[in-house]
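In what follows, a structure is listed as structure tokens, so that the remarks can point back to it.
Below is the structure:
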């Protein structure tokens, strides 16, 4: 059985996004900062990769974003005009991605032969991603949905019997037929239908909870 990674391993069901952000005001609260990093690190890193950065660059962007969060989390909490935390984190990430592309281009310009920089300047600037572009918005939304789904699946996997989750995974994530799952796991066909129906409802409810808690 393929088990999902658990980005919410340290995130108790009683803890809400608001309470976690409140605890982040204390820079000495290592447990809360570790929890926060585990929740959002993969999301930021994957967005940087999909925007076109190399892995080392994406790692630097991720570190820069979390450093900026640490520096400005008090401002976010005291300014409702900033909107949702999800939107705020997205903007921080996009700005750092754009900074990294500009840094890459400055380094390339220094290595270019004399005279090449002027002739290439227009094309270079045009290659800098627009931090408010629709493509970046779509990438962020895609990564966010994947992030929430992975977290919801991880919670579900820890809450239901292993064979029930395996049946659900095989049907809905790997596309097996109900008959094939029933034969493979030695379950009645009706049982597989019941399991997949019940777990589908639970997954939808968990996704809705996480959307509220994380966003």
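Residue numbers (the working numbering): 1 to 215. Glycine residues also receive a C-beta, built at the ideal position from the N, C-alpha and C atoms.
Per-residue DSSP class, three states only, for residue i
i	result
residue 124	Confidence at residue 124 is low in this model, with a pLDDT of 39, below 50, so the placement of that residue is unreliable and no value is reported for it.
residue 188	coil
residue 207	helix
residue 105	helix
residue 160	coil
residue 176	coil
Pair within 8 Å by beta-carbon distance, residue i and residue j
i	j	result
residue 143	residue 39	no
residue 100	residue 57	yes
residue 166	residue 179	no
residue 223	residue 156	This structure cannot speak to residue 223, because the chain is shown only from 1 to 215.
residue 196	residue 172	yes
residue 97	residue 149	no
residue 162	residue 210	no
6 Å Cβ shell around residue i - same chain, five flanking residues per side excluded
i	result
residue 199	168
residue 6	Note on residue 6: pLDDT 44, under 50, position unreliable in the model; the coordinate value appears next. Once the five neighbours on either side are set aside, the close Cβ partners of residue 6 are 154.
residue 170	176, 181
residue 147	43
residue 110	none
residue 187	none
Exposure label - residue i; buried when at least 16 CB within 10 Å
i	result
residue 32	buried
residue 189	exposed
residue 206	buried
residue 164	buried
residue 51	buried
Own chain, CB closer than 7 Å to residue i, minus 5 neighbours either side, in chain order
i	result
residue 36	20, 24
residue 29	23
residue 90	140
residue 160	199
Same chain, Cβ closer than 8 Å to residue i, five either side skipped, listed in chain order
i	result
residue 93	44, 47, 48, 61, 65, 140
residue 103	none
residue 73	21, 24, 25
To test your reading of the DSSP string, which unbroken alpha helix (DSSP H) runs of 4 or more residues are found completely within the stretch 12-91? 17-23, 30-50, 55-78
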